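What follows is one structure encoded as structure tokens, with my remarks underneath.
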Amino acid sequence: MNEIRGDRRTDAAEPSDVLTRRASVPDATVAYGDLPDQVADVRFPRHGAGTAAPLVLIVHGGFWRARYDRAHTGPMADDLAARGFATASVEYRRVGQDGGGWPGTFDDVARAVDAVPGLAAGVVPGGIGDVVLLGHSAGGHLALWAASRARLPASAPWRLPAPPPLRGVLALAPVAALALASRQGLSDGAADALLGGPAGDLPERTALADPLALLPSSVPSVLVHGTADEDVPVEQSRRYSPAARAAGDDCARIELPGTGHLALIDPLSGAWPAVLDALAGLLGR
Numbered sequence: 014m015n016e017i018r019g020d021r022r023t024d025a026a027e028p029s030d031v032l033t034r035r036a037s038v039p040d041a042t043v044a045y046g047d048l049p050d051q052v053a054d055v056r057f058p059r060h061g062a063g064t065a066a067p068l069v070l071i072v073h074g075g076f077w078r079a080r081y082d083r084a085h086t087g088p089m090a091d092d093l094a095a096r097g098f099a100t101a102s103v104e105y106r107r108v109g110q111d112g113g114g115w116p117g118t119f120d121d122v123a124r125a126v127d128a129v130p131g132l133a134a135g136v137v138p139g140g141i142g143d144v145v146l147l148g149h150s151a152g153g154h155l156a157l158w159a160a161s162r163a164r165l166p167a168s169a170p171w172r173l174p175a176p177p178p179l180r181g182v183l184a185l186a187p188v189a190a191l192a193l194a195s196r197q198g199l200s201d202g203a204a205d206a207l208l209g210g211p212a213g214d215l216p217e218r219t220a221l222a223d224p225l226a227l228l229p230s231s232v233p234s235v236l237v238h239g240t241a242d243e244d245v246p247v248e249q250s251r252r253y254s255p256a257a258r259a260a261g262d263d264c265a266r267i268e269l270p271g272t273g274h275l276a277l278i279d280p281l282s283g284a285w286p287a288v289l290d291a292l293a294g295l296l297g298r
């Protein structure tokens, strides 16, 4: 997966109503901790009952801020469930909440990625098979970061002795280079709010939190990014993917001309087939 593909024009209109579109009620909600936001909504595959289904573990975006939650991943989770996937949409503490930001957001996402697949296996009929970690926007940052925790120093609380057992990471319009996001001032300083200050002033935190500083992850990844994204510029993915490949990772970048930020999580958009293709590629389908 080393190629860069950008020949499919999607012309996905922005803005999208996907943030407010209603979705089905989850089939189950599992708790990976004791706090209200340490939960994940699970949807069962709509066909293939009795056999293990691939699990798509979804980490939502929203620039790590409290006003955005997992609810807006419902439409994509519904669509994936209709296609035979199990899904688990993770919630976590966010900036503006007690314990959110540094380090609580990282505490929660690390714990969720480690625990939720097992919890989902206990409730999904037939169990689960391969796990793909999918993150959008700030959730793409958190997904790439969670997959790279074997690269953290031994003193870091989130460190793993080996890469997590993931088939891959699908990062949609990810904030893949956190220090760059801080310099770019994305979304009125969202990265600085996550870290507790500008990345340049907090080099130790940034080294632990920036996926670009934690390569190679040793987990295959695909980054999908629209060239018309005005929220997270495509430069974020363009910075990460060649660095990941240079470090030895199996990392592809797919650019979608004319596509904005929210189209990548909208099953009604022209960009959605490209997301499905990327998911299928990670699963070897």
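Each number in my numbering corresponds to the 1-based position in the sequence shown with 13 added. No residue lacks a Cβ here, since even glycine has one placed at the ideal position from N, Cα and C. Keep in mind the model is a prediction, meaning the values are calculated, not measured.
Going by alpha carbons, who is nearest to residue i out of the options?
{"i": "R252", "options": "D290, V108, A287, A194", "result": "A194"}
{"i": "H149", "options": "I278, L215, L295", "result": "I278"}
{"i": "A151", "options": "D50, P67, L185, D127", "result": "L185"}
{"i": "L183", "options": "L155, A36, L208", "result": "L155"}
{"i": "G142", "options": "L191, A65, T100", "result": "A65"}
{"i": "V245", "options": "G283, T33, S230, D201", "result": "D201"}
{"i": "A276", "options": "G239, D262, A256", "result": "G239"}
{"i": "S254", "options": "R266, V247, E243", "result": "R266"}
{"i": "A192", "options": "A226, F119, W171", "result": "A226"}
{"i": "V69", "options": "D127, Y45, L292", "result": "L292"}
{"i": "L199", "options": "R83, D242, D127", "result": "D242"}
{"i": "A260", "options": "I71, R164, A84, D50", "result": "R164"}
{"i": "L228", "options": "F98, W158, Q197", "result": "W158"}
Cβ of residue i within 8 Å of Cβ of residue j?
{"i": "R162", "j": "L173", "result": "yes"}
{"i": "V43", "j": "L132", "result": "yes"}
{"i": "V237", "j": "L281", "result": "no"}
{"i": "A190", "j": "Q249", "result": "yes"}
{"i": "F57", "j": "V137", "result": "yes"}
{"i": "V145", "j": "P39", "result": "no"}
{"i": "L208", "j": "L215", "result": "yes"}
{"i": "A53", "j": "E104", "result": "yes"}
{"i": "D205", "j": "S230", "result": "no"}
{"i": "T86", "j": "S102", "result": "yes"}
{"i": "A160", "j": "V232", "result": "yes"}
{"i": "P77", "j": "A203", "result": "The question names Pro, yet the displayed sequence has Trp at residue 77. Yes, these two residues count as a Cβ contact at 8 Å."}
{"i": "Y45", "j": "A134", "result": "no"}
{"i": "G294", "j": "V247", "result": "no"}
Report all residues from its chain with a CB closer than 7 Å to the CB of residue i; omit the five preceding and five following residues, and keep chain order.
{"i": "G113", "result": "A79, R106, R107"}
{"i": "A169", "result": "L221"}
{"i": "D20", "result": "For D20, the predicted model reports a pLDDT of 47, less than 50, meaning its position is unreliable and no value from the coordinates is stated."}
{"i": "D24", "result": "Because the pLDDT at D24 is just 49, under 50, the model does not fix this residue reliably, and the value given afterwards should be weighed accordingly. Result list for D24: G271, G283, in chain order."}
{"i": "A26", "result": "Here the model assigns A26 a pLDDT of 46, short of 50, so the residue's position is not dependable and the matter cannot be decided."}
{"i": "D125", "result": "It should be noted that the sequence gives Ala, not Asp, for residue 125. Cβ neighbours of A125 beyond the five flanking positions: Y45, A53, V103, Y105."}
{"i": "P130", "result": "L68, L70, I141, V144"}
In chain order, what residues of the same chain have a beta carbon less than 6 Å from the beta carbon of residue i, not counting five sequence neighbours either side?
{"i": "A95", "result": "R59"}
{"i": "Y81", "result": "G75"}
{"i": "P88", "result": "V31, R34, A36, P280"}
{"i": "D223", "result": "L191, A192"}
{"i": "V72", "result": "V103, G148, G152, L155, A156"}
{"i": "T219", "result": "A192, A212"}
Who does residue i pair with in a DSSP beta bridge?
{"i": "D242", "result": "According to DSSP, D242 bridges with nothing at all."}
{"i": "D54", "result": "T42, S102"}
{"i": "V122", "result": "Answer is none; V122 lacks a bridge partner."}
{"i": "V145", "result": "V69, G181"}
{"i": "V108", "result": "R78"}
Does the ligand SAH have a heavy atom nearer than 7 Å to the CB of residue i?
{"i": "L277", "result": "No copy of the ligand SAH appears in this structure; indeed no ligand is present at all."}
Using a Cβ-Cβ cut-off of 8 Å (strictly less than) and excluding sequence neighbours within five positions of residue i, which residues of its own chain qualify?
{"i": "A63", "result": "It should be pointed out that residue 63 corresponds to Gly in this sequence rather than to Ala. The answer, listed in chain order, is P138, G139."}
How would you call residue i, buried or exposed, if buried means at least 16 neighbouring beta carbons within 10 angstroms?
{"i": "R22", "result": "Low local confidence applies: a pLDDT of 45 at R22 is under 50, so the model's placement there is unreliable, and no value is given."}
{"i": "G273", "result": "buried"}
{"i": "R167", "result": "The amino acid at residue 167 is misidentified as Arg; the sequence shows Ala. A167 should be labelled exposed."}
{"i": "P177", "result": "buried"}
{"i": "R298", "result": "exposed"}
{"i": "G153", "result": "buried"}
{"i": "L50", "result": "Note that residue 50 corresponds to Asp in the displayed sequence, not to Leu. The residue in question, D50, is buried, as its Cβ has 16 or more Cβ neighbours within 10 Å."}
{"i": "D91", "result": "buried"}
{"i": "R83", "result": "buried"}
{"i": "D120", "result": "buried"}
{"i": "P286", "result": "exposed"}
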